[in-house]
Amino acid sequence: MILSFIETQALLAKYDIPTVKCEFSSDFSEIEAAFKRFSPPCVLKLISSEATHKTEKGLLMMDLRHENDLLDGKAELERRANGLKVEGFLLQEQLSGFELIVGGKFNPAFGQTIIFGPGGVLVEMLDESSVRICPLTKKDAEEMLSETRARKFFEGFRGKKASKEAVLNILLKTSRLLEENPRIRELDFNPVIADEKKAWIADSRIVIG
Numbered sequence: 283m284i285l286s287f288i289e290t291q292a293l294l295a296k297y298d299i300p301t302v303k304c305e306f307s308s309d310f311s312e313i314e315a316a317f318k319r320f321s322p323p324c325v326l327k328l329i330s331s332e333a334t335h336k337t338e339k340g341l342l343m344m345d346l347r348h349e350n351d352l353l354d355g356k357a358e359l360e361r362r363a364n365g366l367k368v369e370g371f372l373l374q375e376q377l378s379g380f381e382l383i384v385g386g387k388f389n390p391a392f393g394q395t396i397i398f399g400p401g402g403v404l405v406e407m408l409d410e411s412s413v414r415i416c417p418l419t420k421k422d423a424e425e426m427l428s429e430t431r432a433r434k435f436f437e438g439f440r441g442k443k444a445s446k447e448a449v450l451n452i453l454l455k456t457s458r459l460l461e462e463n464p465r466i467r468e469l470d471f472n473p474v475i476a477d478e479k480k481a482w483i484a485d486s487r488i489v490i491g
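Position one of the sequence shown corresponds to residue 283 (this note's numbering), numbered consecutively onward.
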């Protein structure tokens, strides 16, 4: 079973795992109100348990700066939904930074494992990741950051750098989440967006069994 957006957000909050500023509602007037409070540009996502990879399904609209953009985005997402059961809409502030992935998978032989690597569209393009068995130590987490090409993000890339400490924090807290929730079968935080100071979960998927 895939956890709902609200269930997932509650679990992340319990472990103090940072997420992108957002507003979720099945009432679009609440999304419109949030849009006025948020700092543009924003991202609008259509939330459906029947579609977990929103980018592949085209269920997100980016660079929304004006109210007309938001309304046009809603109409386009509803068109693309094509019969999916819509649970609501998610509005997020659009952040810039390096895209990473933090994942988890239950292995019958070893228990919970945690995964790290380049995120966003780079996941399929580079097809590389670092894996450890939980529980994760800080030394384990530091080694994981150095074992894929994502290490360049922490060394400095095109004049920018990702915060090593912020990403380590997410890895260690995710390891604890996996350890303490043995029913989790799969966990996918992609992308995790990291800049020079912070890191946030922008999209998440948790499967329990």
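Beta carbons: idealized from backbone N, C-alpha and C, even for Gly.
- Judged by beta-carbon spacing, S445 lies within the 8 angstroms limit of A476, meaning their Cβ atoms are closer than that value.
- Looking at the DSSP output, A481 bridges to A476.
- Judged by DSSP secondary structure, M426 falls within the alpha helix (DSSP H) whose first and last residues are K420 to S428.
- Here F320 has E375 as same chain residues with Cβ atoms under 6 angstroms from its own Cβ, once five neighbours each way along the sequence are excluded.
- Here the C-alpha atom of E424 lies approximately 7 angstroms from the C-alpha atom of L450.
- With the rule of 3 Cβ pairs closer than 8 angstroms, the segment 357-366 does not count as touching the segment 430-439.
- Judged by DSSP secondary structure, S311 falls within the alpha helix (DSSP H) whose first and last residues are F310 to R319.
- For K327, the number of other beta carbons within 10 angstroms of its own is at least 16, and it is reported as buried.
- Around K479, the same chain offers S445 and A448 as residues with beta carbons nearer than 8 angstroms, after the five sequence neighbours per side are excluded.
- About 5 angstroms separates the beta carbon of P417 from that of E461, a gap short enough to meet the 8 angstroms contact definition.
- Secondary structure at N350: helix, using DSSP grouped into helix, strand and coil.
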